[in-house]
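Per full-length UniProt numbering, residue 1 is the first one in the sequence shown, and the count goes up by one each step. Where is the CB? At the ideal position from N, CA and C, for every residue including glycine.
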Amino acid sequence: MFWLIVGILAVILLYKFHNYIVSPFSYWKNKGIDYHLLHDPYTDIFKFVTNTVNSFEEDLANYNGMPDKKVYGIVQFRIPALLIKDPDLLKQVLIKDFDHFTNHSNILREDDPILTKNLFISRDKKWHDTRTILSPVFTANKMRIIFSLMASCGDQIVAYFNKEYEKQGNGKPLEIEFKSTTARFTNDVIATTSFGLEIDSFKNPENEFIKTGRAIFDFSILRFILLHKFPTIAKIFNVKLMAPIVYDFFPKVIRDALKNRRENNIKRPDMIQLMMEAKESLEKNPVKDLVLEDDDIISQAFVFFGAGFETVSVAMSFAMYELAIHPEIQKRLQEECIENFKKGDGKITYELLQGMKYLDMVVSESFRKWPPATALDRVCNKKYTLNVDNQEIVIEPEMLINCPVLGIHRDPKYYPNPDKFDPERFNDENK
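Shown next, in the form of structure tokens:
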């Protein structure tokens, strides 16, 4: 009798587990919406749990799954999403009717001390209020002020290249591992512009800031699953998205900087200073329901690192790779740089940078071929009807929208010969 009960319970558990794995894959069929399934349910969850997903390949495969359809459903990691591949429909969702799609997907706990207050993660009214407060911080004039800090980091990476070239001492081209090099440069730029710290990661590549920064990307599948599927258990056991060292280090750095500046009346042309000024402005001229606390400043400063460190360093690495294998493009870009250096007496100013058209073309083409984010998402916040070729698709609140950046960038319909690196796509005539 005992083993019979055990057997029945085992069958029930297996059925529940099977239903848990399979149920998202019937989501689009139940909605009556065309769909493309890249994997069967168990392959999908296996690739996710074993961390063997190649997002580049999978996003392209999803995009090309139904060539004749503008909109269809997909499922990734048990999460259904409506893939919109038509640029006009994407403009409708992302621009014209943006008020229906202000939110991003989010697996964070509501009490996450760093992440939940930043502009990227915030939802609905909190997002709107934060955007209202911070929009004046990101004007061209404010970016011009911060440019000098970035230029100093540029001097550091140039000094590093010169030193390595002299150390090599054979007159041959210098071989550089660009991913780690650009990571150090990006680390220094974010440290000085967002955290008010002057760091030289080329002289000290294992500084505390960069080591703690790496911990942000120490991705744990178990933490992700608990936060996404079992949030109550995650809260009970105090499971957060990132390693504890991240939650200890970054808030302390920013709180110390805020305290030091206030006590000693220190002003510095960086993001912390601009947000401090926004906070002071609100305190002097209160606006109903608008509040900017120190925790908000910490959250915004942190997301500059979390969103910028890996993406920018990878984007720079791809750009350098393309320049290395296309010497004719590299030569033309070098000539433009030298010309502008002469105009600036050996320095590149913010104004000169804005006028470097070929640099802009090269960067734009690199982003096209190698976008830092292969897909973007939005979450519907109120019921919306999308008209697609005389068919009405109802998008319910909380439905996830997939914007296939890489797929569009590699679609020959929009970019002929898409695998070719060609900055001329973005000249005045073509862009």
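For residue i, the three-state DSSP class (helix, strand or coil)
i           : result
V363        : helix
L290        : coil
residue 432 : Coverage of the chain is limited to positions 1 through 431, which leaves residue 432 absent and any answer about it impossible.
D377        : strand
N340        : helix
I348        : coil
P87         : helix
P231        : helix
Y358        : helix
I79         : strand
Y35         : strand
N141        : helix
N19         : helix
N103        : strand
N207        : coil
M150        : helix
M66         : coil
D129        : helix
S135        : helix
R425        : helix
N1          : Checking the displayed sequence, the identity of residue 1 turns out to be Met instead of Asn. It is coil, neither helix nor strand.
L323        : helix
N417        : coil
G171        : coil
F237        : coil
F120        : coil
K267        : coil
L60         : helix
Nearest-angstrom beta carbon gap, residue j and residue i [assumed within contact, 8 Å]
i    : j    : result
E336 : M356 : 6 Å
N118 : S299 : 4 Å
A10  : D377 : Going by Cβ atoms, the distance from A10 to D377 rounds to 38 Å, so no, they are not a contact pair.
I272 : G196 : 5 Å
T193 : S313 : Not quite, the Cβ-Cβ distance comes to about 15 Å (not below 8 Å), so this is no contact.
F309 : T186 : 6 Å
A243 : D270 : Not quite, the Cβ-Cβ distance comes to about 26 Å (not below 8 Å), so this is no contact.
K383 : V394 : 7 Å
I101 : F77  : Ile is not the amino acid found at residue 101; the sequence shown has Phe there. Contact doesn't hold; Cβ gap of about 21 Å is too wide.
Distance, residue j Cα to residue i Cα
i    : j    : result
L227 : H39  : 24 Å
D188 : S23  : 46 Å
Y415 : P251 : 44 Å
P423 : Y321 : 14 Å
G7   : N19  : 18 Å
L94  : C380 : 11 Å
R144 : M275 : 16 Å
D86  : V71  : 7 Å
P372 : I338 : 28 Å
T374 : A324 : 23 Å
F138 : I12  : 55 Å
F421 : K179 : 20 Å
D296 : M66  : 43 Å
E208 : T43  : 39 Å
R261 : I121 : 28 Å
F367 : K331 : 20 Å
D68  : Q156 : 50 Å
N64  : G407 : 8 Å
A278 : N141 : 15 Å
C153 : L400 : 39 Å
V246 : I216 : 7 Å
Contacts around residue i, its chain only, beta-carbon distance under 8 Å, and the 5 residues preceding and following it disregarded
i    : result
L174 : F161, E164, Y165, Q168
K343 : L352
G73  : Y27, W28, K31, I33, D34, Y35, H36, P80, A81, L82, L83
V303 : L115, N118, L119, F120, I121
D112 : K240, L241
L282 : I133, L290, V291, L292
Span of the alpha helix (DSSP H), counted from its first residue to its last, around residue i
i    : result
D256 : 244-264
T52  : Run containing T52: none; DSSP gives neither H nor E here.
Q273 : 271-284
S194 : 178-194
Residues near residue i in its chain [Cβ-Cβ closer than 7 Å; skip 5 each side]
i    : result
D289 : D129
D411 : P418
F147 : Y350
I329 : L323, V362, P423
R123 : N103
E398 : V379, C380
L90  : I84, C403
N427 : M361
E392 : T385
Residue range of the unbroken beta strand (DSSP E) whose run includes residue i
i    : result
G73  : 71-76
L386 : 384-388
I401 : 400-403
Spatial neighbours of residue i in its chain, beta-carbon cut-off 6 Å, leaving aside the 5 residues before and after
i    : result
F237 : none
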